[in-house]
Amino acid sequence: MTLPTSPRPASRDAPSAAPFEPSSATIAVVTFNRSALLTRLLDSIVAMDPKPGHVVIVDNASTDDTTEVVESYRERIGASGTEIVYRRLDTNTGGSGGFSEGMRIAYELGSTWIWVMDDDVEVMPDGLARMGAWAPRFKSIQGRRYDFDGSEFYWQYRIAERLGIPIPFAPSGFDASGYKEMNSGCFEGMFIHRDIVGRIGLPDPRFFIYWDDQTYGWLASRVTTSVIVNEFVLRRTREIKQWDMGIRHMNASSDAYRYYIMRNRALIKQYYRAAGVYHPVAFGLGTALTFGKELIRLLFVERKVSGTSNLFRGLRDGRKIARDRDWQPMPALVGAEG
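Using full-length UniProt numbering, read the sequence shown as starting at 1 and increasing by one per residue.
1. Measure how close the beta-carbons of E188 and V121 come, nearest whole angstrom, since I'm counting them as under 8 angstroms.
2. Measure the alpha-carbon distance for T308 versus F291 and round it to whole angstroms.
3. When the distance is taken between beta carbons, is I57 closer than 8 angstroms to V70?
4. In whole angstroms, give me the CA-to-CA distance for R158 and G185.
5. Just the Cα atoms here: how many angstroms apart are H193 and T224?
6. May I ask you to report which of helix, strand or coil DSSP gives S226?
7. CB F191 to CB I141, shorter than 8 angstroms?
8. When the distance is taken between beta carbons, is G164 closer than 8 angstroms to I268?
9. Do you know how far the Cα of I167 is from the Cα of residue 346?
10. Consult DSSP for D119 and reduce its assignment to one of helix, strand or coil.
11. Identify, in the order they occur along the chain, each residue of the same chain with its Cβ nearer than 7 angstroms to the Cβ of N92, setting aside the five sequence neighbours on each side.
12. Can you give the Cα-Cα distance for K139 and P331, rounded to whole angstroms?
13. As a quick exercise: from L3, E108, R74 and A18, pick the residue whose alpha carbon is nearest that of T26.
14. Buried or exposed: which applies to residue 351, given that a residue is buried once 16 or more other Cβ atoms fall within 10 Å of its Cβ?
15. Grab me the residues of residue 339's own chain with a C-beta within less than 6 angstroms of its C-beta, minus the 5 sequence neighbours each way, in chain order.
16. How many Å lie between P22 and P50 at the Cα?
17. Could you name each continuous beta strand (DSSP E) segment of 3 residues or more that falls completely within the segment 63 to 114, going from the start of the chain to the end?
18. May I ask you to report which of helix, strand or coil DSSP gives R303?
19. Return the first residue and the last residue of the beta strand (DSSP E) that A28 is part of.
20. Do R273 and G318 have their beta-carbon atoms positioned less than 8 angstroms apart in this structure?
21. At what residue ranges does the segment 185 to 237 contain a whole run of the beta strand (DSSP E), taking only runs of 3 or more?
22. For E75 and R303, I'd like the C-alpha separation in whole angstroms.
23. Alpha carbon to alpha carbon, how far is S254 from T67?
24. Pick helix, strand or coil for E161, following the three-state DSSP scheme.
25. State the beta-bridge partners of K320 as determined by DSSP.
26. Can you give me the Cβ contacts of G217 inside the same chain, cut-off strictly under 6 angstroms, excluding the 5 residues immediately before and after it?
27. Here's the rule: buried if 16 or more other CB atoms are within 10 angstroms of the residue's CB, otherwise exposed. What is S177?
28. With 16 as the cutoff for other CB atoms within 10 Å, does F207 come out buried or exposed?
29. If we ignore side chains and look at the alpha-carbon of each, how far apart do R333 and Y257 end up?
30. D195 to P280, Cα distance in whole Å?
31. Can you tell me whether V305 is buried or exposed? The criterion is at least 16 other CB atoms within 10 Å of its CB, across all chains shown.
Here it is as structure tokens:
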């Protein structure tokens, strides 16, 4: 399978005349052993106005009381006509597998818009209305979110494509238009139209965690004008150890994240090859910069030196993926539009 070799020009994204219908939207949530956080998210959905037509909850084989928590909200959320669809997986497929499954369910429900998020956020009461206001103009939209302490979270909305890494200090301000074009994505709040999902397929569960949403957002930006809008629609409810760098923060990580950060560079490489945009020297530099960033994270955020073995192990296993000549990107769900 070969991906499109160039992005769709912005001029081809004509505004839609159809107004946004909240019941056509589905919120897709992925959760794993964090029922207390999920409770806060579901409470915020109860308070939303308007509400979506469906709330899809994908449970990555939790061993806590997640199932009971979800069931306790069916009546409260359903009172306004919103249906909860609960899917408990047999194994933990990571965030990547969870979002792939959640988006699949939402797509098969016939949802026009799919709003994906983790369980460690709350939705602002008018969040869906704020996102829906942009729906007639764009088909891949990212809202903004508040951090745990109420500060404005800075998300790296653009990547240096040849390097395959985020641009850490892309301008954070908005002009009068209220939006900025992006070529990345974040599953904490991605709001995407079913037409785009149909064209680029589902998120790739092979990532397990890390780089999956960046790659998916990049794929979306190649077929539509993707934007981040100046609308605060989510608030993070989980405190994460951070290093305050002034303009942005660097969060603490884990050994699993360190492994997949490096291993999954090979999956990005395969997607780049399929799209015809892979440049070995530039991409190798991006991998080296990623490795260096993780060393800085260990030293200055987590204040330790152990954990580097996971970075090397990820690089080693990534080489096997990069050499796989039978590898294919996720397939489109429908034929490409003219």
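Idealized CB from N, CA, C, for every residue including glycine. If you're wondering where the values come from, they're calculated on a predicted model, not measured in any experiment.
Well, looking at it:
1. The residue you call residue 188 lines up with position 188 of the sequence shown. The residue you call residue 121 lines up with position 121 of the sequence shown. That belief holds up - the Cβ atoms of E188 and V121 are roughly 6 angstroms apart, short of 8 angstroms.
2. Residue numbering aside, residue 308 sits at position 308 when the sequence shown is read from its first letter. Residue numbering aside, residue 291 sits at position 291 when the sequence shown is read from its first letter. Cα-Cα distance, rounded: 9 angstroms.
3. Your numbering for residue 70 matches position 70 in the sequence shown. Your numbering for residue 57 matches position 57 in the sequence shown. Result yes, Cβ atoms of V70 and I57 sit closer than 8 angstroms.
4. Within the sequence shown, the letter at position 158 stands for residue 158. Within the sequence shown, the letter at position 185 stands for residue 185. R158 and G185: Cα-Cα distance of roughly 9 angstroms.
5. Here residue 193 refers to the residue found at position 193 when the sequence shown is read from its first residue. Here residue 224 refers to the residue found at position 224 when the sequence shown is read from its first residue. Answer to the nearest angstrom: the Cα atoms are 10 angstroms apart.
6. To locate residue 226, count along the sequence shown from 1; it is residue 226. DSSP places S226 in strand when its eight states are reduced to three.
7. Within the sequence shown, residue 191 is the residue found at index 191, counting from 1. Within the sequence shown, residue 141 is the residue found at index 141, counting from 1. Yes, the pair counts as a contact, with Cβ atoms nearer than the cut-off.
8. Here residue 268 refers to the residue found at position 268 of the sequence shown. Here residue 164 refers to the residue found at position 164 of the sequence shown. Their beta carbons are under 8 angstroms apart, which means I268 touches G164 by this criterion.
9. The structure shown does not extend to residue 346, since the chain is modelled only from 1 through 338, so no value can be given for it.
10. One-based indexing of the sequence shown puts residue 119 at position 119. In this structure, D119 counts as coil in the three-state DSSP scheme.
11. In the sequence shown, the residue the question calls residue 92 occupies position 92. The residues are F32, N60 and A61.
12. Counted from its first residue, the sequence shown places residue 139 at position 139. Counted from its first residue, the sequence shown places residue 331 at position 331. Distance between the alpha carbons of K139 and P331: 19 angstroms.
13. Translated into the one-based positions of the sequence shown, residue 26 becomes position 26. Ranking L3, E108, R74 and A18 by Cα distance to T26 puts E108 first.
14. With the chain covering 1 to 338 only, the question about residue 351 has no answer from this structure.
15. This structure cannot settle anything about residue 339, because the visible part of the chain is limited to 1 through 338.
16. The residue labelled residue 22 in the question sits at position 22 within the sequence shown. The residue labelled residue 50 in the question sits at position 50 within the sequence shown. Going by the C-alpha atoms only, they are around 7 angstroms apart.
17. 83 to 88
18. In the sequence shown, counting from the first residue as 1, residue 303 sits at position 303. Coil at R303, not helix or strand.
19. Within the sequence shown, numbered from 1, the residue matching residue 28 stands at position 28. Element bounds for A28: A25 to T31.
20. Indexing the sequence shown from 1 puts residue 318 at position 318. Indexing the sequence shown from 1 puts residue 273 at position 273. No, these two residues do not count as a Cβ contact at 8 angstroms.
21. 190 to 193 and 226 to 236
22. In the sequence shown, the residue the question calls residue 75 occupies position 75. In the sequence shown, the residue the question calls residue 303 occupies position 303. Distance between the alpha carbons of E75 and R303 is about 46 angstroms.
23. The residue given as residue 254 occupies position 254 in the sequence shown. The residue given as residue 67 occupies position 67 in the sequence shown. Looking at the two C-alpha atoms, the distance is approximately 27 angstroms.
24. Mapped onto the sequence shown, residue 161 falls at position 161. Coil, per DSSP.
25. Numbered from 1 along the sequence shown, position 320 holds the residue referred to as residue 320. Looking at the DSSP assignment, K320 forms no beta bridge with any residue, so it has no partner.
26. Position 217 of the sequence shown, counted from the first residue, corresponds to residue 217. Closer than 6 angstroms at Cβ, skipping near neighbours: S184 and G185.
27. Counting from one through the sequence shown, the residue named residue 177 turns up at place 177. Counting Cβ neighbours within 10 Å, S177 comes out exposed, since fewer than 16 surround it.
28. Along the sequence shown, one-based indexing puts residue 207 at 207. F207 should be labelled buried.
29. Numbered from 1 along the sequence shown, position 333 holds the residue referred to as residue 333. Numbered from 1 along the sequence shown, position 257 holds the residue referred to as residue 257. According to the sequence displayed, residue 333 carries Leu and not Arg. Answer to the nearest angstrom: the Cα atoms are 29 angstroms apart.
30. Position 195 of the sequence shown, counted from the start, is the residue given in the question as residue 195. Position 280 of the sequence shown, counted from the start, is the residue given in the question as residue 280. Rounded to whole angstroms, D195 to P280 spans 32 angstroms at the Cα level.
31. Working through the sequence shown from its first residue, we reach residue 305 at position 305. Exposed, since its Cβ has fewer than 16 Cβ neighbours within 10 Å.
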